[in-house]
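All remarks here apply to the structure that follows.
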């Protein structure tokens, strides 16, 4: 399990999420209180939108708490839309190419969660990518591949729907090849204009996702864990939800992975049990 | 172009090739005289055989000349068979997973050269791997993939023949998909008992390969460039050759990539020209 | 607080302490149970004695659990005397030069603990070093400086006595300049023949130190925390003790920092209170 | 010898100096044409001024050409005053703390050159620093120490004069302790408002320094080597000069290290010869 924070609104210094709060992302890298993994020390990353359509990105492999570059950049850079991530590795070694956020053109993506049996389904997942998306793969994580698959399935045109298709497809693959599917995720992604997030799990244990207003009116942050102890501030987003932060403020929708009915995990498992 | 050195014989401190000679591998990382790329500063690696069947491995991304760990290890470790490499990146970013030597079970492999149009043929090359070899791929270099392909084609049983098949297959792929094939390589590989090397190019510009006796009788080193200016010591291995260092001493053979006649580069290009 | 393990006896693969046990040093880097700091992810290091008088050394800044080089080296290298360390930074940034063990000629040293008010006494500590020891300082940690001070005070000739003088001197400096002295430490050091360790604190909270026989008769390891749950195996070394592992087996002695009586912390604090 | 570039004027993307020109700083890291050291692969750094009084800073140890973070940051960050540096190590190991620019409060500093016999004069140089400046030292380079010495001597109030005093003092130290003094340098430093540079050598071989207008009227860059082959654009600054870039445009002055007459190198050497 990793930890992340994202923001959309009036330009804000990255440090307001990354280093300053009581439970800042750097603080969480040392000691996350709600996550299953106590330490998120396998690298970190930032993607922020500025003057250009494509985001800036900064990733490195040291624990976030000991990286001087991260502190200085978070203090200097101000952005109206950014994603920040600290990693606890599940799949893929500790190297920059495996650190979130992943970026493709103007799109950025980061993820907290797990795809069970990834080793078994990695290859057919990769086979769905066209040459451009295939050649864009530089790391070995399940997260990067899920991002590329969603891009392949139309993330640019129908962000939430394409992500739902990608997740549903991964579930189907897993059911076909392993007889079971377990995906737990909170992911955030953006094109620099709108910020999207989804919280989802095939079981009852979806990783947490919270939203809170931050700074000027109409500005919000989305986080895997609250950044402080002000319980009234943070709204927990229910599992099976998508959140859309745009110029219209915060919007929410259901998030239902698209899959054929007969392949739903419950149905299949019942069938197997029967 | 990268630089490498390999040794088989009586146990020798790695520093005898890596740091001590006038043109040691570290010295070459700063200023290679025969290589096309003046600087080989995109990481380095060692694979050495000791008490265990599988080799030890040490790789890192700093220039070899500034890595204290490398100097200390090369001074302490003594081995009867080892491979050492300094990298100038052509394909794949600068990270440990892309540094040579690559290791799979008891086998190690390192490479200096280039496969033209690798971006176009990477995918069908990967598609030839069975699940085990596919899942063993952790980096993005052409070299690692060539190694896995040779393993797939039987490197364990017929080392030189399998490498010839792998290289020939890559040429065919390239001809089919790009209308041309250019591969230049000097590669070394080993199972911990025998040390193999090949020098080959589709054109007249095969990277250099030299052999010299070193230390006690029956001990030899193979290098991409001589380690000192004693011209009488170093024998240049001709292009299109394989070298085998075993308990029987140094042996040589032709190295002819296996490909269908009608797909030979010359033929195909003539056909295209016609 | 850091974690460490050291060994002296018949040649042993480093992995027997570093990666294999239930509470191996790598396991402890993720989750130390007795230490105050839960995570020791600010680098690691090895110093081992082999054929040469001076030890080999390997240090790096990633968390120990994610470093492939460490795993491979620990699996390949066998040594009759070695030190291994995982770091949780207190003084000095995360970089190789600040990772233990420190090495000077044939001597190696590693440390777990803290010197309060180090920023106030660093300069006079450095001023005690002669040019050779001063120029040998490459990092910014209190640990490296304590090691150099002990060398300056005669570690080569009278290891335990010189360490006691160094610690006593640091206490005096702290009392003079800050009115208080608090040092907590477990340190191990060696010349490649004998392995020394001390456990000491100015208060009741000396970091733990345990000893256990390991492998063939006459071989022992010393650790900051037991490497497994076999409670009968591990003997806790009392605070105020030195342990000496030599060809004569395990020996223990009192460890009393040498300082002028009138400057003892208790006396001084009483005086101040009076 | 290192390479550097600095800019003051209308806000400019850092990539205009760092990555885009024909002889950009990254290009020079691979192959500097006028410098003595062909490769500047021992790390790099940026310091840029933005909304805050103190500069942002980003430094790392990989060769500049292979660092993805550097490319992304240089493309995103726009600043009215920045310093950029690629390093070829002379004194001090390859680690972030030894990479330029150095920063202290609002001041930044970077340097290309050498101080002969630095090992002999390092200690008395450090002894001139008051506690605050002493404790600010985190690396081991001559450059960082020269910067701290200039701060100690009044860089904040009289930038050029204090630098001249610092350089003169270092010459004196070297003469006293080694009987000779050789300093070659081009340095740039700034408080975020004004950009200063000096070119100086005790002999005829001062490292090069060039100035050119860049972008909107009143904007200039200073570089150790021209960034392109437009010879008419680049004005070479003579040795023994200081350059001041402020809101008044480009100004120049003599740069004469302040030292007692009897200790001038020529005098001293004459005296010794006599």
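Chains as they are written, first to last, in the working numbering: chain A, 14 to 287; chain B, 14 to 287; chain C, 14 to 287; chain D, 14 to 287.
Glycine residues also receive a C-beta, built at the ideal position from the N, C-alpha and C atoms.
Cβ distance (whole Å) where residue i is taken to contact residue j below 8 Å
i	j	result
residue 96 of chain C	residue 121 of chain C	6 Å
residue 16 of chain B	residue 38 of chain B	6 Å
residue 125 of chain C	residue 154 of chain C	So it is not a contact: roughly 12 Å between Cβ atoms.
residue 54 of chain C	residue 52 of chain A	7 Å
residue 150 of chain B	residue 162 of chain B	Incorrect: roughly 10 Å between the Cβ atoms, too far for contact.
residue 56 of chain C	residue 227 of chain C	With a Cβ gap of about 25 Å, residue 56 of chain C and residue 227 of chain C do not count as contacting.
residue 250 of chain B	residue 195 of chain B	About 20 Å; that fails the 8 Å criterion.
residue 292 of chain A	residue 134 of chain A	No statement about residue 292 of chain A is possible, as the shown extent of chain A runs from 14 to 287 and does not include it.
residue 114 of chain C	residue 24 of chain C	Going by Cβ atoms, the distance from residue 114 of chain C to residue 24 of chain C rounds to 19 Å, so no, they are not a contact pair.
residue 62 of chain B	residue 205 of chain B	4 Å
residue 225 of chain B	residue 248 of chain B	7 Å
Terminal residues of the beta strand (DSSP E) in which residue i lies
i	result
residue 60 of chain C	57-62
residue 21 of chain C	16-26
residue 172 of chain D	It is not in any beta strand (DSSP E) - residue 172 of chain D instead sits in the alpha helix (DSSP H) that spans 172-191.
residue 98 of chain C	91-99
residue 208 of chain A	208-214
residue 198 of chain B	196-203
residue 166 of chain C	Here residue 166 of chain C belongs to no beta strand (DSSP E), and DSSP marks it neither H nor E.
residue 218 of chain D	Element bounds for residue 218 of chain D: n/a, residue is neither H nor E.
Candidates the options: closest to residue i by CA position
i	options	result
residue 237 of chain B	B:226, B:222, B:247	B:222
residue 109 of chain D	D:76, D:67, D:239	D:76
residue 242 of chain A	A:36, A:164, A:181, A:259	A:36
residue 167 of chain B	B:148, B:239, B:143	B:143
residue 81 of chain A	A:249, A:28, A:183	A:28
residue 267 of chain C	C:91, C:260, C:253, C:259	C:253
residue 197 of chain C	C:189, C:67, C:183, C:191	C:183
residue 256 of chain D	D:72, D:201, D:115	D:201
residue 229 of chain D	D:248, D:106, D:262, D:213	D:262
residue 19 of chain B	B:175, B:60, B:34, B:43	B:60
residue 269 of chain D	D:191, D:31, D:181	D:181
residue 191 of chain B	B:178, B:130, B:74	B:130
residue 169 of chain A	A:189, A:158, A:203	A:203
residue 259 of chain B	B:248, B:271, B:235, B:247	B:235
residue 116 of chain A	D:137, D:85, D:68	D:85
residue 100 of chain A	A:66, A:40, A:165, A:207	A:40
Beta-bridge pairing of residue i - partner residues as DSSP gives them
i	result
residue 226 of chain A	A:233
residue 267 of chain A	A:254
residue 128 of chain B	B:196
residue 123 of chain B	B:201
residue 248 of chain B	B:224
residue 262 of chain D	D:259
residue 117 of chain C	C:120
Where residue i sits in the DSSP three-state scheme
i	result
residue 33 of chain A	coil
residue 43 of chain D	helix
residue 147 of chain C	helix
residue 272 of chain B	coil
residue 241 of chain D	coil
residue 54 of chain C	coil
residue 156 of chain D	helix
residue 277 of chain A	Below a pLDDT of 50, predicted positions are generally treated as unreliable, and residue 277 of chain A, at 46, falls in that range; no measurement from the model is reported.
residue 110 of chain C	helix
residue 77 of chain D	helix
residue 102 of chain D	coil
Host alpha helix (DSSP H) of residue i (start-end)
i	result
residue 73 of chain C	Per DSSP, residue 73 of chain C belongs to no alpha helix (DSSP H); it is in the beta strand (DSSP E), 69-73.
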